[in-house]
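The sequence shown begins at -16 in our numbering and counts up one residue at a time.
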Amino acid sequence: MESPARCPVIHFDHNSPEHSADPAGSYRKIRESVKVGWTEAHGGYWVLSDYASVFDAARDDEVFSSRRTEYGGEGLSVVIPKTPHHDHIPIELDPPEFRKYRKIVNPISAPAAVEKMKAMVDRHVAGFIDSVIENGKCDLTSVIGVPSIVTIEWLGLDVSEWRRYSGAHFQVLAGIPGTPEHTQAVEVDFPYLAERIRQRITERRADPEDDIISYLVQQEVDGKPLDDHDTFAIVDLLISGGVGTTASLVSNSLGWLARNPDVRQRLIDDPSLMDHAVEEFLRYFSPTQALARTVMRDTDFHGCPMKKGDRALLSWSSANRDPQLFDSPDEVDIDRWPNRHTAFGIGVHRCAGSHLGRYMSHALISQVLQRMPDYRVDVDALEPYPRQGVNSGYQRIPATFTPGKRTLTDYTLM
Ligand code: HEM
């Protein structure tokens, strides 16, 4: 094999079992040595691990493009390797085209819009906890289905199918290609769900209701109504962004709080600490670990010779542990403030759902602490996601707690 023209070369694969066993340690090695390095995994890509390089790349859309190109294979452009997937808008667009679509997404995800969703979120949180509270034991990951059901209801899709949306997206982001579950998601669930979304788009064009799909089909780009392709691409991205990330954050946070009872007690005694705590959990766990760009022209970037067409992985999670920016970065300090973490990304693509993600996380963690204050997690039986390269978290959190009473009389969990 020809020796790579890129240097420095590192041995790294964010999708490997070795990386998944200790993502923070794996990134630390790069951050403490080369900072930016080239790996031959998945056809070759640059790994950006320190805050400064991630920050600079994320703010330079001309050189570091998010759109689909002929480089690095076919499929979703913001992950490595690219996965076969429908277009996602606006995340796979660059300015100026990008702005026309982000303008459409901003009003539905702004603080004022989230304010109107709070009662719906709170109801699902209460209902999910009700479904396990009398048992005294549960898999806490069942409780973190809330972000999925909220997203599906908000969009105007069929709420009874929330588990299928959630499972399929989980498999694509954190499952292992070739396993029966992954194959089922890619070959059966996604085509089925795509058809269901398309049907709903058609229905809402004919007969709008008070939901996000109805809003989207009434928007215009360049003076023309948003077409079915673009509407679908936005809806599918909102599902992708909505279902996994918040669940990942909450699963990690609840797992950590179970092992750190002093901090848990502080949060129970003084709920006003929760806002800063959620920001610190975002920094420390970085649910979206890293996303990709494509280099659009030859450039010398932080001392590295990048070539047009190279792929680059921007590690939000590694930037979040950079000691240049954060004191004692490998410790959770719920009082850390200011906290300029990169968990929601940086630059024009910064997370559109950050306000919703924050609210759902806050509501879930607070309600679990209030209603199951003594929950204990069987740490040996914790099951992390099989791959932690894109999304980190747990797929099983067996917990026991003192049983409590249900709060809602009119809620049935589907
Ligand atoms: C804890 C929760 C969340 C985390 C950690 C997170 C993380 C991120 C990150 C890192 C990006 C940047 C992507 C890039 O630069 O390529 C992003 C973008 C995005 N997120 Fe989130 N997200 C969260 C919750 C949500 C929710 C709840 C939604 C919607 C329901 C959402 C929708 C989006 C969308 C639409 C984008 C693309 C924005 C654009 O391209 O302009 N996210 N998110």
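Cβ atoms here follow ideal geometry from the backbone N, Cα and C, with glycine treated the same way.
Quick one: measure Cβ to Cβ for residue i and residue j, integer angstroms, because I've assumed they're closer than 8 Å.
i	j	result
residue 63	residue 296	6 Å
residue 214	residue 271	Wrong, their Cβ atoms sit about 24 Å apart, outside the cutoff.
residue 381	residue 351	Actually they are not in contact, since the Cβ atoms of residue 381 and residue 351 sit about 14 Å apart, beyond 8 Å.
residue 304	residue 312	4 Å
residue 32	residue 298	5 Å
Does residue i come out as helix, strand or coil in the three-state DSSP assignment?
i	result
residue 378	strand
residue 221	helix
residue 311	coil
residue -15	Low confidence applies to residue -15: its pLDDT is 48, below 50, so where it sits in the model is not reliable, and the reading given next is rough at best. Correct three-state label for residue -15: coil.
residue 297	strand
residue 9	helix
residue 173	helix
residue 241	helix
residue 273	strand
residue 290	coil
residue 86	helix
residue 267	helix
residue 29	strand
residue 283	strand
residue 278	strand
residue 99	helix
residue 395	coil
Taking only the alpha-carbon atoms, compute the straight-line gap between residue i and residue j and give it to the nearest angstrom.
i	j	result
residue 390	residue 246	26 Å
residue 73	residue 161	29 Å
residue 93	residue 301	28 Å
residue 257	residue 56	42 Å
residue 355	residue 239	15 Å
residue -6	residue 22	6 Å
residue 248	residue 129	24 Å
residue 395	residue 113	9 Å
residue 51	residue 108	37 Å
residue 254	residue 101	17 Å
residue 48	residue 41	9 Å
residue -9	residue 289	11 Å
residue 90	residue 374	26 Å
residue 372	residue 197	35 Å
residue 384	residue 234	16 Å
residue 392	residue 153	31 Å
residue 167	residue 143	19 Å
residue 87	residue 217	10 Å
residue 250	residue 344	14 Å
residue 30	residue 211	36 Å
residue 34	residue 252	34 Å
Give the single residue among the options whose Cα lies nearest to the Cα of residue i.
i	options	result
residue 366	130, 76, 134, 231	231
residue 314	260, 354, 185	260
residue 53	291, 335, 393	291
residue 283	377, 217, 36, 155	36
residue 370	233, 48, 51, 157	157
residue -3	-11, 7, -12	7
residue 223	234, 189, 135	135
residue 386	152, 120, 322, 353	120
residue 266	243, 236, 294	236
residue 294	5, 59, 115	59
residue 330	43, 244, 18	43
residue 137	349, 336, 351	336
residue 80	187, 45, 344	45
residue 176	151, 194, 207	151
residue 39	276, 206, 191	276
residue 346	111, 364, 85	111
Should residue i be counted as a contact of the ligand FAD given a C-beta to heavy atom distance under 8 Å?
i	result
residue 299	Looking at this structure, you won't find the ligand FAD anywhere; what it does contain is the ligand HEM.
With hydrogens ignored, establish whether the beta-carbon of residue i is closer than 8 Å to any heavy atom of the ligand HEM.
i	result
residue 287	no
residue 81	yes
residue -12	no
residue -3	no
residue 343	yes
residue 67	no
residue 400	No statement about residue 400 is possible, as the shown extent of the chain runs from -16 to 397 and does not include it.
residue 294	no
residue 332	yes
residue 61	yes
residue 88	yes
residue 386	no
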